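Note sheet for the following structure.
As structure tokens, this is what we get:
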């Protein structure tokens, strides 16, 4: 039997499970990076006003930071995968 070529978009030597694990790890690291960026100076943003805390920091900024970090990491991962595969 002849040699099997990897599916389109999968670099040679990288199996499907390895690629899936790398994508999941990249998404988790991106979410962590987004959370880390959001966490810098959160106390100052949460207590903007003297009367009450600004809760929009939690329900608006936090999910956007985590989703933005995940999206940026996955876009970077897709770009690197595309460059490595030569397509």
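Numbering (the working numbering), first residue to last: 6 to 92.
From the three backbone atoms N, C-alpha and C, an ideal C-beta is built for every residue, glycine too.
Keep in mind the model is a prediction, meaning the values are calculated, not measured.
- In this structure residue 51 touches residue 62 by the C-beta definition: roughly 5 Å separates them, less than 8 Å.
- The Cβ-Cβ distance between residue 34 and residue 78 falls below 8 Å.
- Bounds of the alpha helix (DSSP H) holding residue 31 are 21-44.
- Annotated three-state conformation of residue 74 is helix, per DSSP.
- In summary, residue 74 is buried, with 16 or more beta-carbon neighbours lying within 10 Å of its beta-carbon over all protein chains present.
- A straight line joining the alpha-carbon of residue 71 with that of residue 91 spans about 30 Å.
- DSSP places residue 58 in the coil class of the three-state scheme, outside both helix and strand.
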